[in-house]
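Participant: Mind looking over this structure? Questions follow.
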């Protein structure tokens with residue numbers, strides 16, 4: 341990625357920075373190249389003279405398609421909770437979505453740094469389009485074992501994020517997952533469909549399923565603003581590599 345026209349930034353979370361270490365687990369630093377774009381942000385793009393049409397494709401075709409997919413998933417999610425399919429629209433009608441194109445360098449899964457340590461995603465649904473490198477992505481089950489979902493050409497993997505777990509009072513669980521190093525270099529393109537930045541989130545007790553599943557402790561936690569949750573999660577997990 342470093343050779344295709346991105347402007348390097350020293351301390352940023354948008355555009356293309358120099359290779360950075362992302363600190364997700366306190367003892368693990370993961371090195372990677374990436375492009376990160378926020379909805380409405382002052383984003384830096386590859387030089388169009390070097391990659392013609394890159395920005396146009398993502399802004400005019402890919403993102404609108406992914407936003408439509410996210411909105412459909414949210415309507416299906418509402419129906420799965422036995423509430424009106426449009427009940428949650430005011431929470432995501434200005435989705436603070438995030439797009440990333442991540443290059444994971446090749447490495448040794450036994451001795452090299454992790455591609456990405458175990459974590460959950462911050463928002464609602466993450467749609468991952470990845471090169472089909474077997475075994476690179478691992479998903480943790482409730483029993484603590486890891487599954488290796490197959491990434492086929494043209495297929496998306498969908499992760500449930502923290503906001504879905506909060507909205508359901510734990511009925512749906514945010515997907516814990518990690519990326520292990522692979523002998524092959526790999527590019528992964530996740531699209532994070534999020535709530536509005538200023539949406540307040542608490543268990544949807546209007547849903548009979550959530551009301552039945554939600555614990556007393558979760559009921560007493562109170563609403564959180566999505567933007568505050570996002571800031572808390574992202575403000576400390578990047579470092580500059582010199």
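Numbering (my numbering), first residue to last: 341 to 582.
Think of the CB as a built atom: it goes at the ideal place given N, C-alpha and C, for glycine as much as any other residue.
This structure is a prediction, so every number in the text was calculated from the model and none was measured.
Just mark residue 547 as buried or exposed, buried being the case when its beta carbon has 16 or more other beta carbons within 10 Å.
Facilitator: buried
Participant: Can you find the residues in the same chain that come closer than 6 Å, C-beta to C-beta, to residue 539, ignoring five residues on each side of it along the sequence?
Facilitator: Taking residue 539 as the centre and dropping the five residues before and after it, the same chain places the C-beta of 431 and 566 closer than 6 Å to its C-beta, in chain order.
Participant: Tell me, please, whether the CB atom of residue 442 is closer than 8 Å to any CB atom in chain C?
Facilitator: Although the question refers to chain C, the structure presented lacks it and comprises just one protein chain.
Participant: On a Cα-Cα basis, can you pick out the residue from 439, 573 and 542 that is closest to residue 505?
Facilitator: 542
Participant: When you compare the stretch 461 to 472 with the stretch 404 to 417, are there three or more beta-carbon pairs, one atom per stretch, that lie closer than 8 Å?
Facilitator: yes
Participant: So if DSSP puts residue 479 in a beta bridge, which residue, or which two residues, is it bridged to?
Facilitator: In the DSSP output, where bridge partners are listed per residue, residue 479 has 487 and 517.
Participant: Could you tell me the alpha carbon to alpha carbon distance between residue 562 and residue 508, rounded to whole angstroms?
Facilitator: So the two alpha carbons sit approximately 13 Å from each other.
Participant: Whole alpha helix (DSSP H) runs in the stretch 394 to 428 with 4 or more residues, listed along the chain?
Facilitator: Within the stretch 394 to 428, the runs of alpha helix (DSSP H) at least 4 residues long that lie entirely inside it are, in chain order, 394 to 397 and 403 to 420.
Participant: Can you find the residues in the same chain that come closer than 6 Å, C-beta to C-beta, to residue 499, ignoring five residues on each side of it along the sequence?
Facilitator: 461, 466 and 515
Participant: Please classify residue 482 as buried or exposed, where buried requires at least 16 other C-beta atoms within 10 Å of its C-beta.
Facilitator: exposed
Participant: I'd like to check one pair, residue 545 with residue 421: are the Cβ atoms closer than 8 Å?
Facilitator: no
Participant: Just the Cα atoms here: how many angstroms apart are residue 552 and residue 560?
Facilitator: 15 Å
Participant: Would residue 472 and residue 523 be called neighbours here (beta carbons separated by less than 8 Å)?
Facilitator: no
Participant: Of the choices 527, 512, 413 and 389, whose alpha-carbon is the least far from that of residue 443?
Facilitator: The candidate whose alpha carbon is nearest that of residue 443 is 527.
Participant: State the DSSP-derived secondary structure class of residue 440, mapped to helix, strand or coil.
Facilitator: strand
Participant: Verify whether the separation of the beta carbon atoms of residue 436 and residue 403 is less than 8 Å.
Facilitator: No, Cβ-Cβ distance for residue 436 and residue 403 is not below 8 Å.
Participant: Would you kindly work out how many angstroms separate the C-alpha atoms of residue 283 and residue 395, rounded to a whole number?
Facilitator: For the chain, the structure presents residues 341 to 582; residue 283 sits outside this window and is missing.
Participant: Starting from residue 458, follow the beta strand (DSSP E) in both directions and report where the run begins and ends.
Facilitator: 456 to 459
Participant: Could you check which residue in 400, 557 and 477 has the C-alpha nearest to that of residue 486?
Facilitator: It is 477 whose Cα lies nearest to the Cα of residue 486.
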